[in-house]
Each structure stands twice: as C-alpha cells, then as structure tokens.
Amino acid sequence: MPKLIVSIDGVVIKEFQLTKDRTTLGRRPYNDIVIDNLAVSGEHAVLQMTGNEIYLEDLNSTNGSYVNGKSIKKQLLHNNDTIEVGKYKIRFVNEVAGAPVGDRTSAAAPLAAARASAPAPMASFDAGARPGAAIKVLSGAAAGREVQLVKVITTIGKPGVAVAAITRRALGFVVAHVEGASVPTLNGIPVRGEPVMLKNGDVLELAGTRMQFMQD
19 MPKLIVSIDG
29 VVIKEFQLTK
39 DRTTLGRRPY
49 NDIVIDNLAV
59 SGEHAVLQMT
69 GNEIYLEDLN
79 STNGSYVNGK
89 SIKKQLLHNN
99 DTIEVGKYKI
109 RFVNEVAGAP
119 VGDRTSAAAP
129 LAAARASAPA
139 PMASFDAGAR
149 PGAAIKVLSG
159 AAAGREVQLV
169 KVITTIGKPG
179 VAVAAITRRA
189 LGFVVAHVEG
199 ASVPTLNGIP
209 VRGEPVMLKN
219 GDVLELAGTR
229 MQFMQD
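Shown next as structure tokens:
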C-alpha cells in the first residue's frame, strides 16, 4: 500500500497510508494530512489515486509544491520521490506498484540510481528496541505526568512554537529539534542539528517545561 513518510531536518515525524482516491494536505485541521506550519497553505495540495497511479496536484499554494526539487502543478509520483512542502520533506513509498514502465527512461536512470542509493529515513529505527522508557514532566501544570515512549517516534511540544522528537533507534533513544524558535536543551546544552543520544536521568527543557528521560 502506498504511503507518505513526513520528516523535517532528517527527523521522521509522521507516516500516512494512502487509502483514499483523494487525500488532501494542508495546514487546516480538516485536511486528511495536517501539517501545522505557517509555510504550508490551509489547502496546500491533493494526492489523487487512479488505479496504481498517484498524482500530486498543488492547490495554488502560497509557497508551492516541489517534487525532487522541481516546482510542480501536477505530477505523477514514483516510488521514493521526495515531495517538499515548506521545510518538510515527504517521501512517497509505493514499492508494490512502483512507477509505470513507460516512465523509466534512460535520462531518468541517474536520478533513479541516486534515489536507490540514498539511505532510507527509517533504516535505523527498531520498534522493538529498548522497551521501558518514559518522559516524566518535572515542571508546569502537568508536573508528575509520565509519557511512555512506546512509539518509534514521540513528538513533544506545541506545533508552530516549539517541537522536539524522541526517536527509538537500535542503540537507544535520541532527541532532535523539529521546529519552532525555542530550541530544546539537554542537561542545559542546546540541541541543534544532528539528533542527540539520551541517557537515563537526562533532563530536557522545551519552551520552559522541564522533563526527565527515564529508562529501565
């Protein structure tokens, strides 16, 4: 089944299965795929499924829609194509259907080879690794609350203000800044750029809220 893998700054934050003939994408909450970011229009784009073919169509968005770095109005998607909406990158995965044979021209071969050799965003994730981890809120109205880290990716914070993602990997958990002007700190050190490995007892602070990472 075709799906979309949404990431920002290399951190995967969402996955969507494409099960409908028409799937809308935008900032407004009534869209099928909601990306709450000011760079994304209220009704940004739509994905239309016709048989084994899926087209991405831009809905006259303010900042446009891009596929593999090129601005598009309407584009047939192929397996591993990268859609860009604002700062977000969305990888289209359709390994069963793949792309129509007639569209695989020799001119596209170098690009196809580059896509095939690119590392998969979720290759390092292991949903069964390191169970028993949680985040405990230390300050604010929710002080004392514990959030079990049972998903591969857990996002914390408020979209548009400050968001961080805690990701489960084969060797443990990492934290990364996803969006917002407020950068999270880990034991007082700002978390920027590459994800940072978490250790039991580490203290995270995001937008004035302190949290502690706990792992059995």
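Residues in the sequence shown are numbered consecutively from 19, following the working numbering.
We treat Cβ as the ideally placed atom computed from N, Cα and C, and that holds for glycine.
The beta carbon of E113 sits closer than 8 Å to the beta carbons of N97 from its chain, once the five residues preceding and following it are set aside; these are given in chain order.
With fewer than 16 other beta carbons inside 10 angstroms of its own, S89 counts as exposed.
The alpha-carbon of K176 is positioned some 19 Å away from that of Y48.
Under the three-state reduction of DSSP, P208 is assigned to strand. Under the three-state reduction of DSSP, T37 is assigned to coil, being neither helix nor strand.
Within the same chain, Cβ atoms closer than 7 Å to the Cβ of I171 are found at V30, I31, A183, T185, the five residues on either side in sequence being excluded.
Taking 8 Å as the cut-off, the Cβ atoms of Q93 and V85 count as close. Spatial neighbours of R163 in its own chain (CB-CB distance under 8 Å, excluding positions within 5 residues in sequence) are listed in chain order as K154, V155. DSSP, reduced to helix, strand and coil, places E75 within a strand of the structure shown.
In the DSSP annotation of this structure, the continuous segment of the beta strand (DSSP E) that includes Y84 starts and ends at 83-85. At the C-beta level, V64 and T42 come within 8 Å of one another. Comparing C-alpha distances from V181 to each of Y73, K21, P20, D27 shows the shortest one belongs to D27. For G44, DSSP records a beta bridge to V52. In this structure, DSSP gives H195 an extended state, which the three-state scheme calls strand. Across the set G211, Y106, N55, Q233, the C-alpha of Q233 shows the shortest separation from the C-alpha of N218.
Taking the CA atoms as reference points, T227 sits about 48 Å from G69.
Exposure of M215 is indicated by the presence of fewer than 16 other C-beta atoms within 10 angstroms of its C-beta.
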